[in-house]
Amino acid sequence: MALRTLSALPGFSDSVFADRFNRIDRLFSQLTGDSPVTSLPAYDLKKIDASNYLLNVSVPGWKEDELEIETVGGTLNVSGKRAENESQDEQGWIYKGIRRSDFRLSFTLPEHTKVSNAKLESGILQVSIYQEIPESEKPRKIAIENTQKAIEHQA
Numbered sequence: 001m002a003l004r005t006l007s008a009l010p011g012f013s014d015s016v017f018a019d020r021f022n023r024i025d026r027l028f029s030q031l032t033g034d035s036p037v038t039s040l041p042a043y044d045l046k047k048i049d050a051s052n053y054l055l056n057v058s059v060p061g062w063k064e065d066e067l068e069i070e071t072v073g074g075t076l077n078v079s080g081k082r083a084e085n086e087s088q089d090e091q092g093w094i095y096k097g098i099r100r101s102d103f104r105l106s107f108t109l110p111e112h113t114k115v116s117n118a119k120l121e122s123g124i125l126q127v128s129i130y131q132e133i134p135e136s137e138k139p140r141k142i143a144i145e146n147t148q149k150a151i152e153h154q155a
């Protein structure tokens, strides 16, 4: 997963600097083999309650059979691979601003975490994550016993 940073100056995102950043990002990505930051889909991670989380990945234009979700050894991988016949449909476009390149997002999951379900709706892939901590591993409070006896005052 590529490093993402938040811009402190969002006004510059529409300027010449954004194009230069994208070019530098692609160059470093070619050298390192990582996916460029600009080609990864945006995502949100929300804590629903103490045990449930919701991962939303923005995948407009993707179909269910082009997306794959898998967990391997404590890592959640969400990837998208374009269908072969779609890559031939490149003629006729004047401008193509919606990115449809293959991607792979990876997230490290805490222990005892399971993906409960996933659905694709209106270009948003929703992955529900559930963390069930066994009773033996949950934090518990230990009472402190008072072993001191009251000392009586003798006159």
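Counted the way UniProt numbering counts, the sequence shown spans residues 1 to 155.
Heads up, the beta-carbon is just placed ideally off N, CA and C, and yes, glycines get one too.
Give me the residue from the options with the minimum Cα distance to residue i.
i, options, result
"Gly73", "Ile98, Leu120, Tyr43, Phe107", "Phe107"
"Asp65", "Gln91, Lys119, Tyr53, Leu40", "Lys119"
"Ser51", "Val78, Leu67, Glu111, Ser58", "Glu111"
"Ala42", "Asn56, Leu31, Thr32", "Asn56"
Whole angstroms is fine: what's the gap from residue i's alpha carbon to residue j's?
i, j, result
"Arg100", "Pro60", "9 Å"
"Arg82", "Asp44", "23 Å"
"Glu121", "Asp49", "22 Å"
"Ile144", "Leu54", "39 Å"
"Lys46", "Gln148", "49 Å"
"Arg104", "Ile133", "28 Å"
"Ile98", "Gln131", "34 Å"
"Thr113", "Trp62", "27 Å"
According to the neighbour-count rule (16 or more other Cβ atoms, all chains shown, within 10 Å of its Cβ), is residue i buried or exposed?
i, result
"Tyr95", "exposed"
"Leu125", "buried"
"Ile129", "buried"
"Gly92", "exposed"
"Thr75", "exposed"
Going by the DSSP bridge assignment, what does residue i pair with across the sheet?
i, result
"Ser58", "Ile124"
Assuming residue i and residue j make a contact with CB atoms under 8 Å, what is their CB distance in whole Å?
i, j, result
"Thr71", "Leu109", "7 Å"
"Gly123", "Ser58", "7 Å"
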